[in-house]
Structure formats: structure tokens, C-alpha cells
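**Q** Residue 179 is where the sequence shown starts when you use our numbering, and the numbers rise one by one after that.
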Amino acid sequence: MTGNKLADNIILILSFLATAVCVGVFVFTEMIYQKPLPSEQVELQRLMSDNKKKAFPAPFKLDSLIINLNSRKTRLRFLSVETQLVPFNHDSDDKFESYRSMINDSIIDIAGRMTAEELNSISGKILLEERIKKSVNKLMGKQFVKGVLFTKFVIQ
């Protein structure tokens, strides 16, 4: 190979050793070593902790409100609404609970300024959601509300 008998022997021995190590690792990992079975309790605990981290925070349900609306006509109009606030964090419920009455008041104030015709349109509902979200976040002094959901929205 190289012409030097000693260098050829060293290369041959190193090649043989590398091949023997590869065969040994293969035999050990495929035939001798058995991976231990996972413990059911440990896996269940890990799964539960992963779910808690990944789960979305539950919406905070506010009181059902009946709000008088501005009307251009002589007929009286009102809005019956149930609102849920979608928080950014899991630990926002206590904060929402302490501000519940002020949040309800701001919803009444915001919706009371809008007309029934505005609220009947999709853009009016989106505008109401954005105004409520902005008002609640401003009221609480920090970004707590990710979104606003209306579970009941009836205009009469």
C-alpha cells in the first residue's frame, strides 16, 4: 500500500479495530441491550404536566347584561349579552374577579354608546369586541385580555 511495512501494518490494525468497534456497538445495541419499559405513573405525570403547559387558559365568564341602546327611532332598543374574556395567562381569574364590577360597567358604557344598527352588523360586533378588550386592558393596567367572546348576543 504505502511501501513502508510498519505504516501498512498500523493502517491495517487501525482499520481492523474500527471495524471491530462498529460491529461491537451494533451487536450491543441491537441484540444485547434492552431499553427499559417506561413506568406508567411516570409517563402519566409527564403527560399531565405537558398538558397543563400547553392547554389554553379557560375564558372568564362575566355576568349576563341587559343594556339600553341608543335608537334613532322612537322605539326602545336593548342588548342582552353574555360575555367571556379570554386571558393570556392561566392565573388571571383572580384579577378578573377583583375587577368584575368595573369590567361590567365598562361593557355597559361601551355598548350603550353604540346604536342597534351598528351592533347588528358584523363590523359593529368586531368593533365592540375591540373596544371592550382595549378598555379592560387599560382598566387593569396590563395586557390581560387576549380576546372577547359573546356567548349570547340578542338585540331587541
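Just so you know, even glycine gets a beta-carbon here, dropped at the ideal spot from N, CA and C.
#1: If I measure Cβ to Cβ from residue 307 and keep anything under 8 Å in the same chain, skipping five residues before and after, which residues do I get?
#2: Helix, strand or coil for residue 182 per DSSP?
#3: If you check the beta carbons only, do residue 240 and residue 261 fall under 9 Å apart?
#4: Tell me which same chain residues have a C-beta within less than 6 Å of the C-beta of residue 296, skipping the five on either side of it?
#5: When you compare only the Cα positions, how much space is there between residue 234 and residue 266?
#6: Can residue 180 and residue 189 be called in contact, C-beta distance under 9 Å?
#7: For residue 256, which residues in the same chain have their Cβ closer than 8 Å to its Cβ, ignoring the five residues on either side in sequence?
#8: Candidates 254, 250 and 317: which alpha carbon is nearest residue 282's?
#9: Looking only at C-alpha atoms, which of 213, 298, 321 and 184 sits nearest to residue 263?
**A** In short:
#1: 325, 326 and 328, listed in sequence order.
#2: Residue state, collapsed to three classes: coil.
#3: Here residue 240 is near residue 261, since their CB atoms are less than 9 Å apart.
#4: So the qualifying residues of the chain are 302.
#5: Roughly 9 Å separates the two Cα atoms.
#6: Taking 9 Å as the Cβ cut-off, residue 180 and residue 189 qualify as a contacting pair.
#7: Excluding residues within five positions, the ones whose Cβ falls inside 8 Å are 244, 245, 246, 247, 333 and 334.
#8: Nearest of 254, 250 and 317 to residue 282, Cα basis: 317.
#9: The shortest Cα separation from residue 263 among 213, 298, 321 and 184 belongs to 321.
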